[in-house]
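According to the working numbering, the stretch in the sequence shown is residues 23 to 260, in order.
Encoded as structure tokens, the structure appears first; notes follow it.
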Amino acid sequence: MSRSWRHVNRGFALLLGCLLAAPCTLAEEVADPFADADMDNATEINEVCAGCHGEYGQGGKDGEYPRLAGLPAAFIARQLELFRGRERENLAMVEHTDHRQMPDSDVRDISAFLAAIELPSRLPPVDETAADFNAYERLMATKRMVQIPRAEGDTIAGERLYAKECASCHGRDGLGRERDAVPMLAGQYTGYLHRQVEKYIDKRRVHDPSDPDAEELLAAFSAEELRDIFAYISILDD
Ligand code: HEC
Ligand code: HEC
């Protein structure tokens, strides 16, 4: 494809984006705070994060360490700022997040880096007897895969509650909303999500800073209803 054509296509894509996602201005497009993130610096920082969150931000220990890959960059940056300001508790990360360890430019870099990682939830079928089968490549691909096991509960009841109470912000498919820094819930460890809901209800975390009723929303569910919602979320990546 010629250079000029690519240019025209990009212009068209931008225009289409603007039509679909109002309000949109070209100035906003230019002002993306993560656009000039330094990915080499981020790769270095990630060596520290990987000790707990895994090399690909895939998380670990069944959600003791959450998955970070694919979360909106602005959400990741906000959590790091909250940890740094001690507004969100996180003993494990305290020593990594003070201003000296993590200046604002590092927060930007590592947030953009982790947000851009895509993890498959399943592997394509392969023929292990084929001549071009590469066992090492297959093993590496397995390491990147995150597949949330089906959690206990009534997924039908959970789907109904999710669609009514969560989808407006977290998306119909649980994929979150990049633009508003709303995290995905699909593909995140069930135990981790559950713990966060407890923190919201106990007011140790703020659910949606722009919506003061969001905590009350979670507190209004019975334990059974929450279990059903998480059961439904756990099958969204199947
Ligand atoms: C010593 C282990 C450890 C290291 C190293 C670590 N983290 Fe964490 N991180 C945690 C734990 C534990 C949590 C979950 C805290 C909780 O349950 O609220 C967490 C949570 C987070 C969250 C919140 C995710 C969410 O969905 O709410 C972000 C973002 C994060 N870490 C980013 C990082 C980055 C970036 C680095 C590297 C600079 C890093 N962490 C290094 C242990 C660690
Ligand atoms: C009004 C919008 C809104 C609604 C409705 C909403 N959420 Fe959220 N949720 C958010 C935002 C924004 C965040 C990120 C908060 C932050 O930055 O710490 C969030 C974060 C979360 C997290 C933490 C995820 C993480 O990785 O740390 C969980 C769990 C969660 N929401 C569950 C739910 C469930 C379950 C429902 C439905 C019962 C729901 N939310 C409805 C806006 C919403």
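Quick reminder that beta carbons are idealized off the backbone N, C-alpha and C, glycines included.
Same chain, Cβ closer than 8 Å to residue i, five either side skipped, listed in chain order
| i | result |
| --- | --- |
| Val70 | His118 |
| Asp131 | Ala59, Asp60, Met61, Asn63, Ala64 and Ile67 |
Ligand 4 heavy atom lying under 6 Å from the CB of residue i
| i | result |
| --- | --- |
| Ala236 | Within the structure as shown, ligand 4 is missing, the only ligands being ligand 1 and ligand 2. |
6 Å CB neighbourhood of residue i in its chain, flanking five on each side removed
| i | result |
| --- | --- |
| Tyr184 | Ile251 and Tyr254 |
| Asn112 | Phe105 |
| Val129 | Ala99 and Leu102 |
| Gly180 | Asp250, Ile251, Ala253 and Tyr254 |
| Phe243 | none |
| Glu200 | Pro94 |
| Cys261 | There is no way to answer for residue 261, as the model of the chain reaches only from 23 to 260. |
Top-ranked residue by Cα proximity to residue i, from the options
| i | options | result |
| --- | --- | --- |
| Glu174 | Ala153, Gly198 and Thr212 | Thr212 |
| Asp260 | Glu103, Arg89, Val129 and Pro142 | Pro142 |
| Arg160 | His75, Leu145 and Cys188 | Leu145 |
| Ala245 | Cys191, Asp176 and Glu140 | Asp176 |
| Arg226 | Asp235, Arg110 and Ala137 | Arg110 |
| His192 | Arg182, Leu207 and Ile178 | Leu207 |
Coil, strand or helix - residue i by DSSP
| i | result |
| --- | --- |
| Tyr78 | coil |
| Arg110 | coil |
| Val204 | strand |
| Arg199 | strand |
| Tyr87 | strand |
| Asn63 | helix |
| Asp235 | coil |
| Asp250 | helix |
| Lys225 | coil |
| Asn68 | helix |
| Met167 | coil |
| Ala185 | helix |
| His121 | coil |
Chain E contact for residue i (CB, 7 Å cutoff)
| i | result |
| --- | --- |
| Glu77 | Among the protein chains of the structure shown there is no chain E, as only one such chain exists. |
Sequence-distant residues of its chain with Cβ nearer than 7 Å to residue i (five each side left out)
| i | result |
| --- | --- |
| Ala96 | Ala203 |
| Ile270 | Absent from the model: residue 270. The displayed extent of the chain is 23 to 260, so no value can be given. |
| Glu86 | none |
| Tyr222 | His229, Glu237 and Leu240 |
| Tyr214 | Gly85 and Pro88 |
| Phe56 | Ala95, Arg130, Ser133 and Ala134 |
* Asked: Between the segment 154-172 and the segment 218-227, are three or more C-beta pairs nearer than 8 Å?
  -> no
>> Would you call the segment 142-158 in contact with the segment 122-132, where contact means no fewer than 3 C-beta pairs closer than 8 Å?
In response: no
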